[in-house]
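There are 2 protein chains.
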Amino acid sequence: MLATMIYGEHDVRLEEVPDPVLSTGGDAIVRVLAACVCGSDLWPYRGITPTTAPRRIGHEFVGIVEETGPDVQNVRVGDFVIAPFYDCDNTCINCRNGVSTSCLNGASWGAEDPFGAFADGGQGERVRVPHADGTLVSTPSQPEPSQVPGLLALADVMGTGHHAAVSAGVTTGSTVVVVGDGAVGLCAVLASRRLGASRIVAMSRHADRQELARHFGATDIVEERGDAGVERIREMFDGIGADCVLECVGTKESMDQAIRSTRPGGIVGYVGVPNGGAELPIRQLFGRNVGVNGGVAPVRGYIPELLPEVLSGAIDPGRVFDLELPLAEVSEAYAAMDERRAVKVLLRP
Amino acid sequence: MLATMIYGEHDVRLEEVPDPVLSTGGDAIVRVLAACVCGSDLWPYRGITPTTAPRRIGHEFVGIVEETGPDVQNVRVGDFVIAPFYDCDNTCINCRNGVSTSCLNGASWGAEDPFGAFADGGQGERVRVPHADGTLVSTPSQPEPSQVPGLLALADVMGTGHHAAVSAGVTTGSTVVVVGDGAVGLCAVLASRRLGASRIVAMSRHADRQELARHFGATDIVEERGDAGVERIREMFDGIGADCVLECVGTKESMDQAIRSTRPGGIVGYVGVPNGGAELPIRQLFGRNVGVNGGVAPVRGYIPELLPEVLSGAIDPGRVFDLELPLAEVSEAYAAMDERRAVKVLLRP
């Protein structure tokens, strides 16, 4: 089959790789219908995190179950399934605590699983899923083609934006600022609206992203950054800042922006993968009682809650996909996101 | 009157200073009945934070109102009052948000207030309180002498331990680890019991503090620190750590202990004044979804909730005072705490 490999900076290639084979009893083979490129895939693509050897890449996909191991019970051949961006058993204590990203038996896509077998990357034609029952969520029936982007968003960005909002304690009446206008930041706006925020500020300088942010529920747009951005936010919220600030980028600058935009006693909910070795300035947090909560989003647990709303059209996170390409053009997909010509690219094998 | 001055390392002196004078309309003069030395007072005493010029010190006291300005309404001459470790108006937006430590008009003891008048330090005979109505909480009647230590604990340590627990989200059934066996750590044990924790581990190597921790509700004692301490805690809690870890010291080592003792998805509630420039390791927090919440404790807001339980004897945080000295021996009070001969010293002017 064909799957995407990353070789190094600005070098991704679609290549012939071995077909996946069932091996652990509880696994399944999924034929990928749609996959996508993640903002975090751009770190190795940009060479910010080095690629020491060619490897599979991609961790967001939806598709059809083609085969299941003899121990699989919840998922059936022919099901349309959503895969979160990681594999988990959904039964261990961390999964039961709602932190399936810390599954004691979990695996990453494009790497060896705990059984010693390979779990394929998501940007390919097929993927072997180690814990099919724990990882995959079937839709109640076959979705319409128009619903696929929204369902694919549940694999990562929608659940991740939701995690930012949940981690920051967004609830009815909260004031919210979202730092980051990528797909996750935009989904964080949508999640905040859904959770009842009274006011949602999207920090963005791009007209197309501002428009989508407003569509998702942003009540205000702030274009300023740094000190000017902090000043604008404080002005908007009684001179002190917002209740909840959602950090959806992962740089030192964006975290600084988030912390300083939060009111005393407020919370930063963060989901941006930390880059650049930034540490959190504890004295600044301490003096103002600003909490920092979040991390790698346990999206598997959020799918059952969000799926019905995607299927009903109550939320349409699939709108973050503003470019569709065949898998054969995966290299162009990376380039388009790298050059910010696209918010998020959907790939069809 | 007499008040305590700090001159530098290991150098505190009781000296004659000007009597306080009412000046702002909303202020009061309190005659101090009991004061105490805080763990954070030891930072300048030990020279870890330098003292550039002699200054007043002390920020915990209870006493009797002797005079009030014409605008004071809630507090009356003759009232027994508890002062939190800071002055606040209790009406600004930060106070209304429960973060009175960030009061927009607040003041610190032993420093100039926003009106340009002086707010005395707590380790003295009298204190001018800038916002008497906002800051002071009167007891419903004159307390018994035996109740004074418990009431004094509400000025800082009990409210601060409570804030650690609240910030970490301690609730019915929570598993809790308390890092730090000083007065605040011991009060954090008591606060956790009060909030319904199912299991409370006190990390302590001192027999007397272990005993008090057990009296306050600790179910387990762990003497190990560092890697061994983390391993013991993880062993006790399903191999993953505790739901809530209360950091009540403020060093890099204690915060590291706290973070690594928290289960994925758990929260560190921290109240130890950060020292040594330690920053929070964001990648470690991110990967395990460990939140960090807390800061300088807004104890003023907690007094109304905790006061009735101190008066009824339901909680007895006054037990943290294991040495009483006359104010004249303030220098010995600092030395006893510095040398860990006492957990916390109560001073009587």
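The listed protein sequences derive, respectively, from chains W and U. Numbering follows full-length UniProt numbering, with no gaps: position 128 of the first sequence is 128. Numbering follows full-length UniProt numbering, with no gaps: position 328 of the second sequence is 328. The beta-carbon is built from N, C-alpha and C at its ideal position, and this holds for glycine as well.
Nonlocal neighbours in the same chain, by C-beta distance under 8 Å from residue i, ignoring five residues either side
{"i": "R76 (chain W)", "result": "V65, T68 and S138"}
{"i": "H215 (chain W)", "result": "R319"}
{"i": "I303 (chain U)", "result": "I82, P84, V137, L154 and G159"}
{"i": "Q147 (chain W)", "result": "V310, L311 and G318"}
{"i": "P70 (chain U)", "result": "G25"}
{"i": "I315 (chain W)", "result": "G150, M158, L190, R194, L306 and E309"}
{"i": "D27 (chain U)", "result": "T68, G69, V72, A117, R128, V129, P130, H131 and A132"}
{"i": "E279 (chain U)", "result": "none"}
Straight-line Cα distance separating residue j from residue i
{"i": "V245 (chain W)", "j": "G25 (chain W)", "result": "43 Å"}
{"i": "I240 (chain U)", "j": "I200 (chain U)", "result": "16 Å"}
{"i": "R300 (chain U)", "j": "G294 (chain U)", "result": "15 Å"}
{"i": "L42 (chain W)", "j": "A153 (chain W)", "result": "18 Å"}
{"i": "H163 (chain U)", "j": "G110 (chain W)", "result": "44 Å"}
{"i": "S331 (chain W)", "j": "R31 (chain W)", "result": "21 Å"}
{"i": "R340 (chain U)", "j": "D87 (chain U)", "result": "29 Å"}
{"i": "V176 (chain U)", "j": "R128 (chain U)", "result": "39 Å"}
{"i": "Y7 (chain W)", "j": "A53 (chain W)", "result": "7 Å"}
{"i": "V222 (chain U)", "j": "R260 (chain U)", "result": "15 Å"}
{"i": "Y270 (chain W)", "j": "A168 (chain W)", "result": "8 Å"}
{"i": "V72 (chain U)", "j": "R283 (chain U)", "result": "50 Å"}
{"i": "E144 (chain W)", "j": "G106 (chain W)", "result": "31 Å"}
{"i": "L323 (chain U)", "j": "V273 (chain W)", "result": "50 Å"}
{"i": "N94 (chain W)", "j": "C103 (chain W)", "result": "6 Å"}
{"i": "C119 (chain W)", "j": "L22 (chain W)", "result": "Strictly speaking, residue 119 (chain W) in this sequence is Ala, with Cys absent from that position. If I take the Cα positions, the gap works out to 10 Å."}
{"i": "D79 (chain U)", "j": "Q123 (chain U)", "result": "19 Å"}
{"i": "Y334 (chain U)", "j": "G182 (chain W)", "result": "54 Å"}
{"i": "P114 (chain U)", "j": "T91 (chain U)", "result": "15 Å"}
{"i": "A132 (chain U)", "j": "L285 (chain U)", "result": "41 Å"}
{"i": "P130 (chain W)", "j": "P149 (chain W)", "result": "24 Å"}
{"i": "C187 (chain U)", "j": "V292 (chain U)", "result": "20 Å"}
{"i": "T51 (chain U)", "j": "A228 (chain W)", "result": "35 Å"}
{"i": "M236 (chain U)", "j": "L2 (chain W)", "result": "47 Å"}
{"i": "P140 (chain W)", "j": "D156 (chain W)", "result": "20 Å"}
{"i": "E112 (chain W)", "j": "P298 (chain U)", "result": "49 Å"}
{"i": "G226 (chain U)", "j": "V296 (chain U)", "result": "25 Å"}
{"i": "D89 (chain U)", "j": "D256 (chain U)", "result": "36 Å"}
{"i": "R234 (chain W)", "j": "G266 (chain U)", "result": "30 Å"}
Buried versus exposed call for residue i [16 or more other C-beta atoms within 10 Å across all chains shown]
{"i": "N74 (chain U)", "result": "exposed"}
{"i": "Q142 (chain U)", "result": "exposed"}
{"i": "I48 (chain U)", "result": "exposed"}
{"i": "G134 (chain U)", "result": "buried"}
{"i": "R194 (chain U)", "result": "buried"}
{"i": "H206 (chain U)", "result": "exposed"}
{"i": "G196 (chain U)", "result": "exposed"}
{"i": "A218 (chain W)", "result": "buried"}
{"i": "P281 (chain U)", "result": "buried"}
{"i": "residue 351 (chain W)", "result": "Examination of residue 351 (chain W) is not possible in this model, given that chain W is present from 1 through 349 alone."}
{"i": "S254 (chain U)", "result": "buried"}
{"i": "G116 (chain U)", "result": "exposed"}
{"i": "P349 (chain W)", "result": "buried"}
{"i": "P20 (chain U)", "result": "buried"}
{"i": "E125 (chain U)", "result": "buried"}
For residue j and residue i, believed in contact at Cβ under 8 Å, the rounded distance
{"i": "S192 (chain U)", "j": "A213 (chain U)", "result": "The Cβ separation is near 11 Å, so there is no contact."}
{"i": "V184 (chain W)", "j": "G39 (chain W)", "result": "7 Å"}
{"i": "V345 (chain U)", "j": "L325 (chain U)", "result": "6 Å"}
{"i": "L347 (chain U)", "j": "C36 (chain U)", "result": "6 Å"}
{"i": "G251 (chain U)", "j": "G121 (chain U)", "result": "Strictly speaking, residue 251 (chain U) in this sequence is Thr, with Gly absent from that position. In fact, because the Cβ distance is near 25 Å, the residues do not count as touching under 8 Å."}
Same chain only: Cβ atoms within 7 Å of residue i, ignoring 5 sequence neighbours per side
{"i": "H10 (chain W)", "result": "Y45"}
{"i": "V170 (chain U)", "result": "V176, S192, L195, A197 and C244"}
{"i": "T262 (chain W)", "result": "G241, A242, V245, V268 and V290"}
{"i": "A342 (chain U)", "result": "D322, L323 and A336"}
{"i": "L338 (chain U)", "result": "A quick correction: the sequence has Asp, not Leu, at residue 338 (chain U). Once the five neighbours on either side are set aside, the close Cβ partners of D338 (chain U) are L42, Y45 and R46."}
{"i": "G63 (chain W)", "result": "V30, R31, V32, L33 and V81"}
Proximity test, residue i beta-carbon vs the ligand NAD heavy atom, cut-off 7 Å
{"i": "T262 (chain U)", "result": "With respect to the ligand NAD, the structure shown offers nothing to examine, as it has no ligands at all."}
Cutoff 6 Å; reference residue i; Cβ partners in own chain excluding five residues on either side
{"i": "V258 (chain U)", "result": "Checking the sequence shown, residue 258 (chain U) turns out to be Ala, not Val. V179, V245, E247 and V268, listed in sequence order."}
{"i": "E224 (chain W)", "result": "R232"}
{"i": "S198 (chain W)", "result": "G173"}
{"i": "M203 (chain W)", "result": "V179 and V222"}
{"i": "P264 (chain U)", "result": "R288 and N289"}
{"i": "Q210 (chain W)", "result": "S204 and I221"}
Residue-level contact to chain C via CB, residue i, 8 Å cutoff
{"i": "A188 (chain W)", "result": "Note that chain C does not occur in the displayed structure, where the protein chains are W and U."}
Check: Does the region 82 to 99 of chain U come within contact of the region 7 to 19 of chain U, defined as at least 3 CB pairs closer than 8 Å?
Finding: No: the two stretches stay apart, fewer than three of their Cβ pairs being nearer than 8 Å.
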